[in-house]
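Contents: one structure, followed by commentary.
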Amino acid sequence: GESVGLHLPTLSVQEGDNSIINCAYSNSASDYFIWYKQESGKGPQFIIDIRSNMDKRQGQRVTVLLNKTVKHLSLQIAATQPGDSAVYFCAENRGGSYIPTFGRGTSLIVHP
Amino acid sequence: GAVVSQHPSWVICKSGTSVKIECRSLDFQATTMFWYRQFPKQSLMLMATSNEGSKATYEQGVEKDKFLINHASLTLSTLTVTSAHPEDSSFYICSAPGQVYNEQFFGPGTRLTVL
Chain B
1 GESVGLHLPT LSVQEGDNSI INCAYSNSAS DYFIWYKQES GKGPQFIIDI
51 RSNMDKRQGQ RVTVLLNKTV KHLSLQIAAT QPGDSAVYFC AENRGGSYIP
101 TFGRGTSLIV HP
Chain D
1001 GAVVSQHPSW VICKSGTSVK IECRSLDFQA TTMFWYRQFP KQSLMLMATS
1051 NEGSKATYEQ GVEKDKFLIN HASLTLSTLT VTSAHPEDSS FYICSAPGQV
1101 YNEQFFGPGT RLTVL
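Sequence order for the protein chains is B and D. Note that this note's numbering has the first sequence beginning at 1, numbered continuously upward. Note that this note's numbering has the second sequence beginning at 1001, numbered continuously upward.
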């Protein structure tokens, strides 16, 4: 299930389950959104992106959904594997900027 | 994709000393690089934009005299934490934009611990 820790929400799932990580963004002028994966002690790694003129984009085992009406972004990971365990950040490029502003992050823990 | 490296990967220093962190774009040129700071269990916060050949642009609340940035070449930006204190202990990450609009490549980060 999902819980909110002191700073970082945590999502715990069983290997093979599908995971859904949610993110609320703040700026309605944001036109580009990215999901990053960060493993412990490493820099962020690009997973998937989506432009504001789309509402869904699929990659390999991952899907990003964008709901501009409620300013909500989600990352779906199919058949979650232990190697997916990491912290996941959504980021937005605010209108006209190419510098990502990072959201809060969610820690995904995959149990074998 | 393009590679961004950082050196050192970790550093421990005494309070009051200065520490330099390097960020290099290994196979591409970057006229702009970005420096982020990340405290444990928190998100990445943009500190400053490093501009090759000109002054860095700092985000609100970031002390430019404490975090000195030099972007002396098209492949190297350095961040110097001057007179470091324990509260400066953090994970420092740099990034550089790619050729494609909105593309960003992140370095592996540098863990700074100030005793």
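Positions of the beta carbon are idealized from the N, C-alpha and C atoms, including for glycine. Note that the structure is predicted; figures quoted are calculated from it, not measured.
Can you tell me whether residue i is buried or exposed, with buried defined as 16 or more other CB within 10 angstroms of its CB?
i, result
"Arg51 (chain B)", "exposed"
"Thr1017 (chain D)", "exposed"
"Ala24 (chain B)", "exposed"
"Ala1048 (chain D)", "buried"
"His111 (chain B)", "exposed"
"Leu1044 (chain D)", "buried"
"Glu1063 (chain D)", "exposed"
"Leu1074 (chain D)", "exposed"
"Lys37 (chain B)", "buried"
Any C-beta of chain D sitting closer than 7 Å to the C-beta of residue i?
i, result
"Asn93 (chain B)", "yes"
"Gly43 (chain B)", "yes"
"Arg104 (chain B)", "yes"
"Gly1 (chain B)", "Residue confidence is low: Gly1 (chain B) scores 46 on pLDDT, short of 50, so the model does not pin down where it sits. No coordinate-derived value is stated."
Where does residue i sit, in a helix, a strand or coil, going by DSSP?
i, result
"Pro82 (chain B)", "helix"
"Pro1097 (chain D)", "strand"
"Asp49 (chain B)", "strand"
"Pro1008 (chain D)", "coil"
"Pro1040 (chain D)", "coil"
"Glu1087 (chain D)", "helix"
"Val110 (chain B)", "strand"
Would you mind working out which of the options sits nearest residue i, comparing C-alpha positions?
i, options, result
"Ser74 (chain B)", "B:Ser19, B:Thr101 and B:Ser30", "B:Ser19"
"Asn67 (chain B)", "B:Tyr32, B:Val13, B:Pro112 and B:Pro82", "B:Tyr32"
Are any of the Cβ atoms in chain B nearer than 7 Å to that of residue i?
i, result
"Leu986 (chain D)", "Absent from the model: residue 986 (chain D). The displayed extent of chain D is 1001 to 1115, so no value can be given."
"Asn1051 (chain D)", "no"
"Lys1064 (chain D)", "no"
"Ile1021 (chain D)", "no"
"Ile1093 (chain D)", "yes"
In angstroms with no decimal places, state the Cα-to-Cα distance between residue i and residue j.
i, j, result
"Thr101 (chain B)", "Phe89 (chain B)", "10 Å"
"Ile48 (chain B)", "His1085 (chain D)", "37 Å"
"Lys1041 (chain D)", "Trp1035 (chain D)", "18 Å"
"Asp1088 (chain D)", "Leu8 (chain B)", "21 Å"
"Glu2 (chain B)", "Leu11 (chain B)", "With a pLDDT of 45 at Glu2 (chain B), under the threshold of 50, the modelled position of that residue is not reliable, and no figure is offered here."
"Cys1013 (chain D)", "Leu1112 (chain D)", "8 Å"
"Asp17 (chain B)", "Ala86 (chain B)", "16 Å"
"His1071 (chain D)", "Ala79 (chain B)", "43 Å"
"Gly103 (chain B)", "Ala91 (chain B)", "6 Å"
"Val1003 (chain D)", "Leu1046 (chain D)", "20 Å"
Within 7 Å of any Cβ in chain C, is that where the Cβ of residue i sits?
i, result
"Lys1055 (chain D)", "No chain C is part of this structure, whose protein chains are labelled B and D."
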